[in-house]
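Residue numbers (my numbering), protein chains in the order written: chain A, 26 to 330; chain B, 40 to 287; chain C, 118 to 423.
Glycine included, C-beta positions come from ideal geometry on N, C-alpha and C.
What follows is a set of notes on a single structure, which appears directly below.
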Amino acid sequence: MTLAFEQLLNGLQLGVLLYLVAAGLTLVFGVMRVVNLAHGSFYMLGAYFVVAFASWTGSLMAGAVLALAATTAVALVVERLVIARLYRREPLDQLLATFGIVLFFDELAPLVWGPAGLTLALPPGLAAGVQLLPDLAVPVWRLVILAAGGLVAAGLGIVVARTRTGAWIRAGAADPETAQTLGVNLPLLFRGVFALGAALAGLAGILTAPLLTVQSGMGNDILVLAFVVVVLGGLGSMRGALAASLALGILDTAGRAALPELLAAVLSPEAADTAAPALSSMVVYVAMAAFLWARPDGLFPAPRR
Amino acid sequence: MTEPVLSVRGMRRRFGGVVAVRDVDLDVRDGEVHAVIGANGSGKTTLLRMIFGEVQPDAGRVVLAGRDVSELPVPARVRAGIGRAYQISSNFRGMSTADNVAFGVRAGVGIATALLPGAAAARHAGERTLALLARVGLGKRADDLAEDLSHGEHRQLELAMALATGPRVLLLDEPFAGLGSAEALFVRDLIRGAGIAVLMVEHDLDAVFAIADRVTVLARGEVVASGDPAAVRADPAARESFGNGAAP
Amino acid sequence: MTRPSPAVVAVTVLLMALAAAPLLAAATAQPFVLFLLTRLMILAIAATGLNLVLGIGGMPSFGHAALVGVGAYAAAIVALQTGGGAWTQTFWAVAAATLAAFAMGAISLRTRGIAFILVTLALGQMLFFFAAALEPLGGDDGINVPATFAGDAGFYYAVFALLAAATAATAWVRATPFGMALRGGAVNEDRIAAAGIDLPRVRLLAFAASGAVCGLAGALTTFHTAFVSPAAMGWSRSAELVAMVLVGGAGAVAGPLFGTAAFVALEELLSGYTTRWHLVFGPVLVIVVLAARGGIAGWIDGRTRD
C-alpha cells in the first residue's frame, strides 16, 4: 500500500515534469507550427543555470529565479537568430535547423561547466521529509515539483482560456493571417509564445536539477518522451498533453517498479537485474505504438487548419 | 429500363451541427449523363466525395453494378470501377502529361509486375496511355510537363486521368469551370462520347441542360427535384433553388 | 534520352574517384584514408536507403539509424553466437532490419506529417533502448565483434560495388511505376488513391525495402569497425542521416552520396581542429538549412540551368 502510493507519487512527479516540457512544445507547435528539437536544450540549460546561480548566490530560490530568467533570455536570442526564420519553412527544415542548435548547446555546456556532471544539494529545509503516511516520508522538494506542475497547468489553462493574451494565442493558433488583420502583432506573439515554452522547459530543468546529475545531453531523453506525449495527446492539444503526460509518467514508473520482478520470474536474477532498466525504458514506447495503432490521431485530435 | 450501374441510397453526412447531405438517393444508368446541380453549399461536392470514399458518410450505401462498395477505401472503389476527375487541377505538375495518365493505367498491373520496366504489361500501359491522351486531344503533349499546359488542357488531362483507370462510372466535379466556349464544347463532346455512365456536379446550367440525360437538384443537402432535364426545368421547386434568372 | 544532368556527371566522377582511391592510398602509404572512405561509403549506403522513403517517398523518418543498428547487431549476434560467416551475417542483418522497418512503418504510417516524424523518432529510440538492454552484448557499452575482414582492399571494393549498386537501384526504382507512385504520393496522396493505387501498401513496401538497405549498411558497419554499440542508434544519429540526405538533395539519385561526402569531409576538417567540433557543425547545419534548398544535387543542376 505504502509502496504503491510512493510509486504513484513518483509517477505523478515524472508526469508533471513531462508536462512542463510537453506543454511548451505543444504551445509552440500549436501557434507557430514549429517543431523544436532544441526544446530539450532549454530543459538542460535550466538545470545547468540553476546549479551555477545557486552556488553563486548561495540561495536555491534566487538561483532558480535567475536560471529561469537566463533560460528565457537564451530562448529569445535563439528565436531571433534562427526560429523566426523557420516559421514558414517545411517541418524537415525546422527539425534540421533546430537539430543544429541541439548539437551546439550539447557541446557548449561541457565547455562552460566542465565535462563532468554537476550536482545540486538541496538546502535542509527542502530536503527534509514530510510524513505523508505513517511509514512514508517524502522530501519537500518533490511536493514543490508536484505543486509547481499543478500551478502551471492551472495557470496555463486560465491564461489561454480567459485572458486577452490567451485570446491572441488562440487566434494565432486558429488562423495567423486573420489574427494579424485583427491587429495581433504576430512577430511579438510568436516571440512571446516561444519564450514562454522555453521557460516552461527551463522550469522543468530547474525542478529536476537537485534530483539527478546535471549533464550534457540530459534534455534529449526527456525530449523524446515529450514527443511521445505530444503525439499521444493529439498534436497541439494542451489538455491532451496533460492527460498523456500523467499517464506516461505513471506507466513508466509502474513499469520500472514491476518489470524487474516479472523478469526475475523468467530470467536468471543477474540477467533480470541488468536487462530490467533498459527494457522498462521501452514500456512507454510499446504503449505508444499500441495506442497509435488504435487511435492514430491521439487522444484529442486537433481540428485541421 | 436497364439496371442502374451506380446506385446511391440514403446518403447522409453532418459537419458539426450542420447537415450537409440528408438522405440522398441517386441512380446512374449505363451510357447516361446524370448531373447534380445546386447552389454553393447545397452539398453537391460532399455527396460526390462520399460516393468516391473520400468522405465517410454517417449513413448510406453505394452500390456499383450490384456490388456494395460502401466499406471500400478509395483505391479499391477505383479498381471496382469508379473514376473521378477533380475540380481543381491538382495533377502532378513536375511530371510529364503521359506520366500523369500512366498512374491510373498502371494501377491495375500490380506492384510486382510494375517493378519490371521492359515487361509486356508496361509496354501495353504505354500504348494505352498514348491512346487516352490522343482521345482527349493531348496526343502531341505526351512528353510535356503538366505544369506547361493551359487551363483547358488541364481539364482534358483531368479527363484522361479519370478514364485511365477504366471506370464504369465517371464522377466529374465541375468539368466546365473556367472553360471558354470552344473548350467547353470539346469537353462536352468528350463526356458524351465517353460511352460510360457519368455523374457530374456542375454550376454551368447551360452545359448541364445541353448534355445531361437526367438532372437532380440539391438544396441544403436534400433532393428537391429529379428527372429528365425538361421536367426539372419546369419544376417550380427546382426553379426556386437555382434562382430566378439563372434557369433558362 | 537527353544529355546526362550535371549531377549525374558529378556522381560518376565521385564514384570514379572512390574507385581509384585505394591505388592512391597505397602510393602515399595513407591506410587511414581507406578506413575513412569506407566509412563514408557505408554511411552513403544507409543514406541511400533513407532517401527511398525520405527523398523519393516524402516520408521523413527520424528512426533510420536504429534500423542500421538492428542490422549491425544482427550481424554481431550471428558472429558471436553461431560463428557464422559474412554471408550468414549479412543475410540475418538484412532480414532483421527489414522486419524492424516493416513494423516501424506499419505503426508510423498510420500517422501523417509531423506525427509521422515524431513516431519514427520514438520507435527508433525504442530500438535503441532494446539494444541497450542486450546485456550479453555489452548493454550500454556495446561489444567487440571478431573481425570478418581485416581492412583489406577487397572489402573496400565490395563496399564500393554495393554503394554503386544502391545508387543505380535508386535511379531505376525512381523510374518504375512503383517509384512513380511513391513520388506521386509525396506530392498528392488523394490523386494517387484516385488512380486506384493502394498508396499505404506502396509506402510500407518502400519503408521495408529502405530498412533492408539500412540493414546491409549495418552489417557492413559491423564488418568495418568490429564493434557494435547502441550509441550509433540514437535519434541524433538518425537526424544526421536525414541531414546527409537533405543536404545532398532529397530525392536526387546522387543526393545521399553528395550529402555523406560533405558531412564526412566537414567532420574530418573540424575534428582536426577541436574535439568539440559540434560547436561549429551545429551552426553550420543551421546556416545550410536556412540558406539552401534542393541540396547539393539541386545546386549543381540549378547553376548550369541559369
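In summary, the residues of the stretch 40-65 of chain A whose CB is separated from some CB of chain C by less than 7 Å are Val60, in the order they occur in the chain.
Under a 10 Å Cβ-count criterion, Leu167(C) is classified as buried, with 16 or more other Cβ atoms of the shown protein chains found around its own Cβ. Interface annotation, Ile309(C): in contact with chain B, CB-CB separation under 8 Å. For His73(B), no alpha helix (DSSP H) segment is defined; the enclosing uninterrupted segment is the beta strand (DSSP E) at Val72 to Ile76. Those residues of the stretch 208-228 of chain B placed with their C-beta closer than 9 Å to a C-beta in chain C do not exist. Rounded to whole angstroms, the separation of the alpha carbons of Phe295(C) and Ala203(B) is 17 Å. Pairing Arg105(A) with Thr392(C), the inter-Cα distance amounts to about 29 Å.
Contacts with chain A at 8 Å (Cβ-Cβ) include Ile224(C).
With fewer than 16 other Cβ atoms inside 10 Å of its own Cβ, Asn79(B) counts as exposed. For Ser129(B), the chain C residues whose Cβ falls inside 8 Å of its Cβ are Asn305, Asp307 and Arg308, in order along the chain. Cβ atoms of Ala72(A) and Val239(A) come within 8 Å of each other, at about 4 Å.
Under the three-state reduction of DSSP, Ala290(A) is assigned to helix. The beta carbons of Ala212(C) and Thr339(C) sit about 15 Å from each other, so the pair does not count as a contact at 8 Å. If you ignore the 5 residues before and after Ser241(A), its C-beta comes within less than 6 Å of the C-beta of Asp131, Ala134 and Pro135, all in its own chain and listed in chain order. If you compare the alpha carbons of Ala250(C), Val406(C), Ala288(C) and Phe208(C) with that of Pro285(A), the shortest gap goes to Ala250(C). Inclusion of Pro400(C) and Phe129(A) in the CB contact set at 8 Å is warranted, their separation being smaller than that value. The beta carbons of Ala310(C) and Val113(B) sit closer together than 8 Å. A direct Cα-Cα distance of roughly 36 Å separates Ala199(A) from Phe142(B). Only those residues of the stretch 365-391 of chain C whose C-beta falls short of 7 Å from the nearest C-beta of chain A would be listed, and there are none.
Legend: CB atoms of the stretch 78-99 of chain B lying less than 9 Å from CB atoms of chain C belong to residues Phe91, Gly92 and Glu93. Between Gly301(C) and chain B, the shortest Cβ-Cβ separation is below 8 Å. The alpha-carbon of Ala29(A) is positioned some 14 Å away from that of Val163(A).
For the pair Phe179(C) and Leu321(C), the Cα-to-Cα distance works out to about 16 Å. The Cβ-Cβ distance between Leu280(C) and Ile162(C) falls below 8 Å. Boundaries of the beta strand (DSSP E) around Thr255(B): Arg253 to Ala258. Listed in chain order, the alpha helix (DSSP H) runs fully inside the stretch 35-86 of chain A are 64-82, counting runs of at least 4 residues. Contact annotation: Asp246(A) and Thr27(A) have beta-carbon atoms that are not nearer than 8 Å. The three-state secondary structure of Gln95(B), taken from DSSP, is coil. For Gly230(C), there are no neighbours in chain B by C-beta distance under 8 Å, as the nearest C-beta there is about 18 Å away. Not a single CB atom of chain B sits nearer than 8 Å to the CB of Gly259(C). The stretch 198-208 of chain C makes no contact with the stretch 356-366 of chain C; the number of CB pairs closer than 8 Å stays below 3. Neighbourhood of Pro400(C) in chain A, by CB distance below 7 Å: Gly125 and Phe129, in chain order.
Chain A places no beta carbon closer than 8 Å to that of Ile413(C), leaving this residue out of the contacts. Asp118(A) reaches chain C at Val406, counting residues in chain order whose Cβ is nearer than 7 Å. Taken through DSSP and simplified to helix, strand or coil, Val107(A) comes out as coil.
Beta bridge pairing from DSSP links Asn245(A) with no other residue.
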